[in-house]
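Here the sequence shown is numbered in my numbering, starting from 16 and rising by one per residue.
Quick notes on the structure that follows.
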Amino acid sequence: MLCLAVTAMGWGLNWPVLKALLAEMPPMAARGLAGLLAALALAGFAALRGVPLAVPPGRWGPLVAASLLNVTAWMGLATMGLLYLGAGEGAMICYTMPAWTALAAWPVLGEKPSARRLLALLLGMGGVAILVTSGGTSLDWGKMPGVAMILSGAILFALGTVWFKRNPVGLNPLASVAWQVGLGCLPLAIASPFLEHFDAGAVSMRGWAAFLYMAAIPLCLCYLAWFAALAALPAGVAAIGTLVTPVIGVISGALLLGEPLGIRQGAALVLTLAGILLAIREPARGRG
Numbered sequence: 016m017l018c019l020a021v022t023a024m025g026w027g028l029n030w031p032v033l034k035a036l037l038a039e040m041p042p043m044a045a046r047g048l049a050g051l052l053a054a055l056a057l058a059g060f061a062a063l064r065g066v067p068l069a070v071p072p073g074r075w076g077p078l079v080a081a082s083l084l085n086v087t088a089w090m091g092l093a094t095m096g097l098l099y100l101g102a103g104e105g106a107m108i109c110y111t112m113p114a115w116t117a118l119a120a121w122p123v124l125g126e127k128p129s130a131r132r133l134l135a136l137l138l139g140m141g142g143v144a145i146l147v148t149s150g151g152t153s154l155d156w157g158k159m160p161g162v163a164m165i166l167s168g169a170i171l172f173a174l175g176t177v178w179f180k181r182n183p184v185g186l187n188p189l190a191s192v193a194w195q196v197g198l199g200c201l202p203l204a205i206a207s208p209f210l211e212h213f214d215a216g217a218v219s220m221r222g223w224a225a226f227l228y229m230a231a232i233p234l235c236l237c238y239l240a241w242f243a244a245l246a247a248l249p250a251g252v253a254a255i256g257t258l259v260t261p262v263i264g265v266i267s268g269a270l271l272l273g274e275p276l277g278i279r280q281g282a283a284l285v286l287t288l289a290g291i292l293l294a295i296r297e298p299a300r301g302r303g
């Protein structure tokens, strides 16, 4: 649960930081280059601690699959989808991910969702829905590409969550995060010069500070904490925990960027935290 708290806090604070960064740096370059920097830092830290980085024989397939689902698809599709959608609309679709994870965990992991778990999901998703619909959610056909991209990213991340639990790579968590973030962000960094224009000289000191934050906290510390939580908790419960991320994003957005924070956001916070509390208090059960 401590790992989930670290993950939610770091990813939540990344919303206003990323918003500021994207004003100076294109999305795929920001995500891809920050991820490669984070992967190198993690690999170096692992080497200093004597953690082996060698991938066990026969485990490259599961490692690459998890990297593509958990990192490439999630970051790439979610970021590109925001070209067609507002931030609130995009966040609402992104955070359908816990529902998809709970559903995918049933056939893949045998984690049949109980009535209590489903109620927790409904409460959490209700909180997220209230949180992200304050500006309106009407969609026109021009926004449908963004809807398809972000929804696909959420579904693929959910599949990556249960895939990683069903097909462990056999690496130390630190080495696993270094490989997954590096392999997952490499396609984004490679694609960036072909799909967008990036002028490093035009990025301000504030922009570089945001870039370094994204590399160090969301892409380094938070991914390590996320995979550690995933190893210790059922996939559905771990995913429900991430519902607090948009709540932190709204609060930090209000404090750092002056975004709205009122009754609607407070109601979303109550519902979301109620869902998380209900989920984590569920008694341990065997697989059904």
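Each residue gets a CB set at the ideal place from its N, CA and C atoms; glycine is no exception.
Which term fits residue i, buried or exposed, when burial requires 16 or more other beta carbons within 10 angstroms of its beta carbon?
i, result
"Trp75", "exposed"
"Gly25", "buried"
"Gly216", "exposed"
"Val285", "exposed"
"Ala38", "exposed"
"Ala69", "exposed"
"Pro31", "buried"
"Leu33", "buried"
"Gly264", "buried"
"Cys235", "buried"
"Pro208", "exposed"
"Pro67", "exposed"
"Ser153", "With a pLDDT of only 46 at Ser153, under 50, the local geometry of the prediction cannot be trusted, and the value read off the model is given with reservation. Answer is exposed; the Cβ neighbour count stays below 16."
Could you give the distance in angstroms between the alpha-carbon of residue i and the alpha-carbon of residue j?
i, j, result
"Leu210", "Ala44", "10 Å"
"Pro122", "Trp223", "44 Å"
"Tyr99", "Pro72", "42 Å"
"Met220", "Ala35", "12 Å"
"Leu271", "Asn29", "11 Å"
"Met95", "Pro77", "26 Å"
"Gly55", "Ala253", "In the sequence on display, residue 55 carries Leu and not Gly. Roughly 26 Å separates the two Cα atoms."
"Cys237", "Trp115", "21 Å"
"Val177", "Gly273", "37 Å"
"Val79", "Gly199", "8 Å"
"Gly277", "Gly139", "18 Å"
Would you say residue i reaches chain B, if we count a Cβ-Cβ gap shorter than 7 Å as a contact?
i, result
"Leu276", "Although the question refers to chain B, the structure presented lacks it and comprises just one protein chain."
Write down the C-beta distance between residue i and residue j rounded to the nearest angstrom, noting that I regard them as a contact closer than 8 Å.
i, j, result
"Ala244", "Thr22", "7 Å"
"Leu174", "Leu84", "6 Å"
If the criterion is Cβ atoms closer than 7 Å, does the pair residue i and residue j meet it?
i, j, result
"Ala282", "Ile145", "yes"
"Cys18", "Ala269", "no"
"Met40", "Val218", "yes"
"Val143", "Pro261", "yes"
"Gly47", "Leu227", "no"
"Ala230", "Ala58", "no"
"Glu126", "Ala119", "no"
"Ala61", "Leu189", "yes"
"Phe242", "Val184", "no"
"Phe213", "Ala81", "no"
"Ala169", "Cys109", "yes"
Report whether the distance from the Cβ of residue i to the nearest heavy atom of the ligand FAD is below 6 Å.
i, result
"Pro128", "Absence of the ligand FAD from the depicted structure is noted, as is the absence of any ligand whatsoever, leaving it without description."
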